[in-house]
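Protein chains: 2
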Amino acid sequence: MTTRNMEDYLEAIWNLQNKKGYVKAKDIAERLEVSRPSVSGMIKKLSENSYILYEKYGGIVLTAKGKKLAQEIKKRHTLLVEFLKIVGVDEQNAQQDACKLEHDVSPETITCLLEFVEFVSLLPESSKWKENFQEYLKKRGLLERRSNKNKKL
Amino acid sequence: MTTRNMEDYLEAIWNLQNKKGYVKAKDIAERLEVSRPSVSGMIKKLSENSYILYEKYGGIVLTAKGKKLAQEIKKRHTLLVEFLKIVGVDEQNAQQDACKLEHDVSPETITCLLEFVEFVSLLPESSKWKENFQEYLKKRGLLERRSNKNKKL
DNA sequence: TTATAAAGTTAGGCATATCTAATAAAGATA
DNA sequence: TATCTTTATTAGATATGCCTAACTTTATAA
């Protein structure tokens, strides 16, 4: 089984590969804000579990298995961000939350969120839903500011 | 700071207190499916951090601090379940997912979800949104079954 | 009241994941 | 090519949280 952490590393590797074309331990460390020895340890583990190909002091390459998992996580992440933005979470918070939630959301919930996002995005221009929701959010914002009640929950 | 695990234990304690009126280590162990020594360890930790009052071989009582946090987590949990059910996740899955997500969702996202749930629940009977969404979900279900494509993502 | 059963604790170990300090290998430059 | 800098690894420690086995305390019941 993969842990939350292995997933984070795999996703980072996938992102780096797409962005820079290659992956170095140093870059993973920076991206995940961990020390290089931590990266070394995880590389060993991912390699042992056949998610990556690796030789000491060499390059890091995702196996088919690793790539598949990394893509899945990335898709979950992207979907979560899309969804969070629809319900009014700002980009930055959406990104941060998605990083954590992507490890825990069950396949069934993913399917439901996917359908929700698709449904909303397919709403015809004539649909009043979006603008009603926007209006509702705006009204809520005003009310809350007025009553000065910052519900932390 | 509280860890994910401390939160799980606090929530369990809160639930037991509400359900049975008192809390025993054994019940926590059963509820969380961990061994009794694990519970002993966490009780010590929660006690050291002033989330509960505890004396060896004695009763477990939440402090004001512990109660407050437990209630917050419980609220997050309840909200997540409500939300997940709206987008079509069945009760059981919603409960399971909420148990995990409740630790990671940021306050801002909680606020947004709360507003979304409220908005949907306040939709007038005349609103076509709900039935359109239901219909959409049904249609998707049929299409997926027909094409036999189980997107696992 | 004393033996037994149930509940809780301690001891000791394992797994995950982190860190710093020290060492080794690779890459860049004079 | 030899040196210096960057990058990566190993060694060794810490923290969280889990487990089983053994022991202690409390509660029950004969």
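First to last, the protein sequences are chains A and B. Take any residue in the first sequence, count from 1 to its spot, add 1: that is its number in our numbering. Take any residue in the second sequence, count from 1 to its spot, add 1: that is its number in our numbering. Glycine included, each C-beta is placed from N, C-alpha and C at the ideal position.
So, helix, strand or coil for residue i, using DSSP?
i: Val62(B); result: strand
i: Leu81(B); result: helix
i: Lys152(B); result: Because Lys152(B) carries a pLDDT of 42, less than 50, the predicted location of this residue cannot be relied on, and no value is offered for it.
i: Tyr137(A); result: helix
i: Tyr10(B); result: helix
i: Leu124(A); result: coil
i: Ile44(B); result: helix
Just how far apart, CA to CA, sit residue i and residue j?
i: Gly89(A); j: Pro38(B); result: 44 Å
i: Lys150(A); j: Ser122(B); result: Low confidence applies here, because Lys150(A) scores a pLDDT of 45, under 50, leaving its location unreliable; read the following figure in that light. Roughly 22 Å between the two C-alpha positions.
i: Lys21(A); j: Asp105(A); result: 28 Å
i: Lys129(B); j: Lys140(A); result: 22 Å
i: Glu34(A); j: Met7(A); result: 15 Å
i: Ala30(A); j: Ile74(B); result: 32 Å
i: Phe84(A); j: Glu92(A); result: 11 Å
i: Lys25(B); j: Ser36(B); result: 13 Å
i: Asn16(A); j: Ala65(B); result: 44 Å
i: Gln18(B); j: Glu49(B); result: 20 Å
i: Ile61(A); j: Leu124(A); result: 43 Å
i: Leu132(B); j: Leu63(B); result: According to the sequence displayed, residue 132(B) carries Glu and not Leu. Answer to the nearest angstrom: the Cα atoms are 44 Å apart.
i: Lys45(A); j: Asn94(B); result: 34 Å
i: Leu154(B); j: Lys68(B); result: Unreliable positioning characterises Leu154(B) in this predicted model, as indicated by a pLDDT of 43, which lies under 50. A coordinate reading is not provided.
i: Arg32(A); j: Lys76(A); result: 19 Å
i: Ile87(B); j: Lys86(A); result: 17 Å
i: Thr3(A); j: Thr3(B); result: 24 Å
Look at residue i and residue j and say whether their C-beta atoms are less than 8 Å apart.
i: Leu47(A); j: Tyr10(A); result: yes
i: Leu102(B); j: Glu116(A); result: no
i: Tyr52(A); j: Leu70(A); result: yes
i: Cys113(B); j: His78(B); result: no
i: Gln96(B); j: Val82(B); result: yes
i: Val118(A); j: Leu80(A); result: yes
i: Phe134(A); j: Phe134(B); result: no
i: Asp98(B); j: Ser107(A); result: yes
Given a threshold of 16 other Cβ atoms within 10 Å of its Cβ, counted over all protein chains shown, does residue i qualify as buried or as exposed?
i: Ala13(A); result: buried
i: Tyr58(B); result: exposed
i: Thr110(B); result: buried
i: Arg5(B); result: exposed
i: Met43(A); result: buried
i: Glu136(A); result: exposed
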